[in-house]
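Chains A and B, in that order, give the protein sequences. The first sequence runs contiguously to residue 346 in the working numbering. The second sequence runs contiguously to residue 1437 in the working numbering. The C-beta atom is built at its ideal place from N, Cα and C for all residues, glycine as well. A quick note: this is a predicted structure, and the numbers were derived from the prediction, not measured. First the structure, in the form of structure tokens, and then the observations on it.
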Amino acid sequence: VIAAVNDSFLVLILASAVLYGTPLLFAALGELLAERSGVLNLGVEGMMLVGAVSGFWAVQSVGGAGGISLAAALGVAAVAGAAMALIHAFLVITLRANQIVSGLALTIFAGAAGLSSYLGNDLDLAGAPAEHAFRPLDVFGLGSAPVVGPIVFDQSALVYLSWACVLAIGVYLARTRPGLNVRAVGESPASADAMGIDVTAYRYVHTLVGGAFAGVGGACFSLQITPQWVGGLTGGAGWIAVALVIFAFWRPDLCLVGAYLFGAYSALPFLLQSRGWLSGVPDEVFIALPYVMTIVVLVAVSSGAAKRRIGAPAALGVPYAREER
Amino acid sequence: VRFERRLEQPRWLTAAVPIGSIAVAFFLTAFVLLATRHDPLDTYRRLFDAAFFGNGALTATLVFCTPLVFTGLCAAAAFRMQLYNIGGEGQFYWGAIAAVGVALYLGDRGVDSTPVYVIAMVLAGALAGGAWAAIPALLRAFAKTNEIITSLMLNYVAGLVLTYLIIDSQSYWRDLDSFEGQTFPLGKSIPEEAKWPAWMLDQLGGVLVPLGFGLALVVAAVMWIVYWRTRFGYELQVIGDSPRTARFAGMRLRRKIVVVMCLSGAIAGVGGAAYEGDFAYQIDPTGLQTSFLGYTGIVVAALARYNPLAVVPVAFLLGGMLNAGFTLQGADFPSGLVGVMQGLILFCALGGEVLVRYRIRLGRLVARPEGAS
């Protein structure tokens, strides 16, 4: 009976929603940190791809035991993502460039037609499966427990890491001094500056950490979901993550809910295919679902809440220059 | 280091910055090449040969340049009023789909006049591109939905439509009759009369100039007149710089958002039509989706500082690089290199903006006595 329950469509879709939602969650958490400090980074897609390619390269070339190799790969992916974010940070914080155009430039530079694909081709990474990949852990041996087993206990270390991050960021932003400072920087950099907070340093650090999260999010694709290197394998997940931050009203807990909702949309085509359900409907309709739903949810959120601007940092996208206050 | 805001932007800097950005970007790309153990000088020599100096290089560069002028104008038209239409890619696909659809339909009706085909394809492309852009436009105007994300998401949807039409269905656009078409999913070719004319220029060792390029020049000129010499263009500029001022002055924001976004989409759509009429002649889902002509249009527009006339030379340069990227693609010229260079050019152009807007002074601010220089 348990096997039948755990094989039911509902349990499977929820379990895969967590799997496919994890990269979105990491990327959205990173973007949330950057945006809370007032920096809009539209380069998430590019940072994710560079994270994916460099994490994958690390696993292929570092060698060693699976666990160590994977941990090193996550570190490499995070550093690579942060390095990409540094370019954006320098342009928009120090040189006060237009944040929207700079973010787009980052996606073009790093994205599917840029650096990630250059590195993938130059290091000849395509075609081989990952030496090690993140696998479900079956925590406490509860992986086959009814319903909760596959959804909660039979997930990979990346999933548990993402939960820890949600918790940590939630506490950080609400309960710690630096966290409150970030919010001040994002809401009113001039007041924060007057309070003695270093606006530039806060913005740099959070943009860079945001990039590191995006890099790890990208590595979720190349080290768990796919798990191999394919050019442009994120397929717009970075953009969905940018939208997720808006749906989540800039709150980490709601990012988790939103990420799993969109994870479910991404998983749906595969599940329907394996069951042979709705085979009369073209696959493309289901593959388009996450993109279309992003628009639908964004419209729903923006028509009601945007008028009151729930959660959006007031100084989001505005460069801060002390002499122009 | 201190930044002082300039009261007036010197004219020479607005031209010097993009040119300087390109030079700096080539310099930075050399480091990427060195880091990945390639010889920068040799790579650049081959790049310029393939793009501009080699045999038939200019003809091939125009193949990439022509759609880029359209997608560059598409981005420039919208970005100028701070309306970020990232959907040029998808609007370009729809222009191609509609133009090929109309050409195939007219072919089935036995039409054999090329001008009729050209006019019908341009109109169909403009309508389809404009209609696809109307979705983010209306959402932005009436629901205040962020147009960046909606227009971008629609690119993926438009890409899936391409795949569906040629690979996953037996649509009107798919070639189901020929032997190749039955073994491998292929787009149906438009009739011979529907292929757009091109002119051979004997100078420069013979360059084939397609009709679409001429059309692109006309669109760029018209756009310059509209944006720089009409009240409509002036209002767009005001809306972009200060939506509040515009509203208090009684300008109709919503209507302008919808009009500009649809026009921008229509330009990309005509680009799609020209791409099909001039070069592709059939829907090729992989080819369209891997050339990134729509996204590159954003680089073109930003580097041209959203000036329609500057879009043409910039598109020519970046078109040359795209052409070289495709020609040279291989082990010692990994694909993706051109995207890296484009991104770096854009970064440098953005960084260079700071020179246009601010005067940079070294040293500390010292109080000077009155009258001293």
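Rounded straight-line distance, which links the Cα of residue j to that of residue i
i, j, result
"ALA103 (chain A)", "GLU56 (chain A)", "15 angstroms"
"THR1100 (chain B)", "ASP143 (chain A)", "8 angstroms"
"VAL322 (chain A)", "LEU1098 (chain B)", "47 angstroms"
"SER177 (chain A)", "PHE155 (chain A)", "6 angstroms"
"ALA336 (chain A)", "ARG1173 (chain B)", "59 angstroms"
"ASP1396 (chain B)", "HIS1102 (chain B)", "7 angstroms"
"ALA189 (chain A)", "MET1217 (chain B)", "31 angstroms"
"LEU1352 (chain B)", "VAL1225 (chain B)", "12 angstroms"
"THR1227 (chain B)", "THR1214 (chain B)", "20 angstroms"
"ALA1079 (chain B)", "LEU1367 (chain B)", "10 angstroms"
"GLU1153 (chain B)", "GLY297 (chain A)", "33 angstroms"
"ALA1258 (chain B)", "ALA1338 (chain B)", "11 angstroms"
"ILE1331 (chain B)", "THR1209 (chain B)", "23 angstroms"
"ALA1344 (chain B)", "THR1350 (chain B)", "12 angstroms"
"VAL122 (chain A)", "THR255 (chain A)", "21 angstroms"
"GLY1415 (chain B)", "SER1085 (chain B)", "8 angstroms"
"SER37 (chain A)", "PHE242 (chain A)", "13 angstroms"
"LEU182 (chain A)", "ARG1110 (chain B)", "47 angstroms"
"ARG1319 (chain B)", "PRO1372 (chain B)", "22 angstroms"
"LEU1356 (chain B)", "LEU1410 (chain B)", "Residue identity check: residue 1356 (chain B) is Phe in the sequence provided, not Leu. Taking the straight line from one Cα to the other gives about 16 angstroms."
"VAL266 (chain A)", "GLY85 (chain A)", "37 angstroms"
Contacts around residue i, its chain only, beta-carbon distance under 8 angstroms, and the 5 residues preceding and following it disregarded
i, result
"ALA1198 (chain B)", "VAL1322, MET1325, CYS1326, GLY1329"
"ILE34 (chain A)", "ALA285, ALA288, LEU289, LEU292"
"ARG1070 (chain B)", "VAL1420, ARG1421, TYR1422, ARG1423"
"VAL1376 (chain B)", "VAL1133, ALA1280, LEU1281, ALA1284"
"ASP274 (chain A)", "VAL187, GLY191"
"SER1437 (chain B)", "In this prediction, SER1437 (chain B) scores a pLDDT of 44, lower than 50, which makes its location untrustworthy; no coordinate-derived value is stated."
"VAL1302 (chain B)", "THR1309, ALA1310, ALA1313, MET1315"
Same chain, Cβ closer than 6 angstroms to residue i, five either side skipped, listed in chain order
i, result
"THR128 (chain A)", "GLY64, GLU66, GLY67"
"ALA1188 (chain B)", "ALA1162, ALA1163, VAL1166"
DSSP state of residue i mapped onto helix, strand, coil
i, result
"MET216 (chain A)", "coil"
"GLY1394 (chain B)", "strand"
"LEU1265 (chain B)", "strand"
"VAL187 (chain A)", "helix"
"TYR1370 (chain B)", "coil"
"PHE1067 (chain B)", "strand"
"ILE1409 (chain B)", "helix"
"ILE1424 (chain B)", "strand"
"PRO311 (chain A)", "helix"
"SER1437 (chain B)", "Only weak support exists for where SER1437 (chain B) lies, its pLDDT of 44 falling under 50; the coordinates are left without a value."
"LEU299 (chain A)", "coil"
"ARG1238 (chain B)", "strand"
"VAL1271 (chain B)", "strand"
"GLY64 (chain A)", "coil"
"GLY1251 (chain B)", "strand"
"PRO334 (chain A)", "coil"
"GLN1146 (chain B)", "coil"
"PRO1074 (chain B)", "coil"
Nearest neighbour of residue i, chosen from the options [CA to CA]
i, options, result
"GLY253 (chain A)", "A:LEU310, A:ILE23, A:VAL74, A:HIS153", "A:VAL74"
"ALA133 (chain A)", "B:VAL1271, B:GLN1406, B:VAL1420, B:ASP1266", "B:GLN1406"
"ILE1362 (chain B)", "B:ARG1319, B:GLY1403, B:PRO1249, B:ALA1089", "B:GLY1403"
"ILE246 (chain A)", "A:TRP78, A:PRO157, A:LEU146", "A:PRO157"
"ALA147 (chain A)", "A:VAL71, A:ASP219, A:GLN249", "A:GLN249"
"SER1253 (chain B)", "B:TYR1370, B:ALA1160, B:GLY1189, B:PHE1095", "B:ALA1160"
"PHE7 (chain A)", "A:ILE23, A:GLU52, A:VAL22", "No information on residue 7 (chain A) is available, as it lies outside the stretch 22 to 346 that chain A covers here."
"ALA99 (chain A)", "A:ALA151, A:PHE77, A:GLN120, A:GLY87", "A:PHE77"
"GLY1165 (chain B)", "B:VAL1081, B:GLU1211, B:ALA1080, B:PRO1255", "B:PRO1255"
"PHE1380 (chain B)", "B:PRO1131, B:LEU1265, B:LEU1317", "B:PRO1131"
"THR1391 (chain B)", "B:PHE1067, B:PHE1090, B:ALA1114", "B:ALA1114"
"ALA151 (chain A)", "A:SER324, A:ALA240, A:ILE316", "A:ALA240"
"PHE268 (chain A)", "A:LEU244, A:ALA333, A:SER300, A:MET216", "A:ALA333"
"LEU136 (chain A)", "A:GLN120, A:ALA118, A:ALA101, A:THR115", "A:ALA101"
Cut-off 7 angstroms between Cβ atoms - residues of its own chain near residue i, not counting five sequence neighbours on either side
i, result
"ALA106 (chain A)", "ASN62, MET68, THR228, LEU229, GLY231, GLY232"
"TYR361 (chain A)", "The requested residue 361 (chain A) does not occur in the structure, where chain A is confined to residues 22 to 346."
"ASP214 (chain A)", "VAL220, ARG343"
"HIS153 (chain A)", "VAL80, GLY87, SER90, LEU91"
"GLU1068 (chain B)", "TYR1422, ARG1423, ARG1425"
"PRO1261 (chain B)", "THR1178, LEU1275"
"LEU1408 (chain B)", "ALA1089, LEU1092, THR1093"
"GLY141 (chain A)", "VAL74, ALA147, TRP250, GLY252"
| message | Short of 7 angstroms Cβ to Cβ, which residues in the segment 301 to 314 of chain A face chain D? | response | In the displayed structure, chain D is absent; the protein chains listed are A and B.
| field | Meets three-Cβ-pair contact criterion under 8 angstroms: the segment 1112 to 1132 of chain B and the segment 1376 to 1387 of chain B | value | yes
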